[in-house]
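*Asks:* Quick note on our numbering: the sequence shown kicks off at 511 and runs consecutively.
Ideal placement from N, C-alpha and C gives every residue a C-beta, glycine not left out.
Note that the structure is predicted; figures quoted are calculated from it, not measured.
Got a structure here, written out as structure tokens. Questions coming.
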Amino acid sequence: MNGDSPLIAALEAERTDVPAFVFLSVMDTPPFTSKTFCIARRRAERSIADLDIRTSVLRLGPVYGEGTNQGHFPRTIDTVLRAIDRREWLARRFGDGRPLGVTTVAQAALHAAFDLTASKTMEIDEISAYSVPRSSTEI
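Right, here's the structure in full:
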């Protein structure tokens with residue numbers, strides 16, 4: 511479950527001489543998801559790390575949509591996640607489950623793909639550093 515498809519994609523990247531592969535994984539098992547989901551993701555992370563290609567793993571919490579891109583959460587949940595992320599004092603309380611905007615995740619993924627000094631595994635604190643500063647009153 512969700513472990514084979516990233517490995518197949520990474521193998522294809524390796525076969526076609528793609529210079530880097532970035533795998534978007536998870537920090538913990540998401541709510542309402544079985545433990546096998548996280549186990550499969552960790553297995554994929556280990557398998558991808560063994561390939562002859564530069565790889566990075568971004569371990570994410572919930573990722574919300576921005577602007578007209580509402581992502582995969584219902585609008586209300588998306589709005590709550592966005593509000594949490596935009597208040598740093600509140601977002602820090604969520605630790606590894608901190609929500610991140612899709613733009614922040616995309617910027618971190620680009621960094622991981624193109625910067626040869628990028629971490630092999632980026633976790634929430636490192637990924638959130640790519641967030642665009644916003645007003646704390648903005649929702």
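1) Is G611 closer than 8 Å to S641 when the C-beta atoms are compared?
2) Considering only C-alpha positions, which residue in the set D562, S638, R603, S557 is nearest to A616?
3) From A619 to T543, what distance separates their C-alpha atoms?
4) Measure the alpha-carbon distance for P572 versus L626 and round it to whole angstroms.
5) Per DSSP, what are the beta-bridge partners of G611 in this structure?
6) In angstroms, rounded to a whole number, what distance separates the CA positions of L600 and G575?
*Replies:* Once the coordinates are examined:
1) Between S641 and G611, the gap from beta carbon to beta carbon is short of 8 Å.
2) With distances taken between Cα atoms, A616 lies closest to S638.
3) So the alpha carbons of these two residues sit roughly 24 Å apart.
4) Rounded to the nearest whole angstrom, the CA to CA distance from P572 to L626 is 27 Å.
5) BP columns for G611 point to Y574.
6) Rounded to whole angstroms, the gap between the alpha carbons of L600 and G575 is 19 Å.
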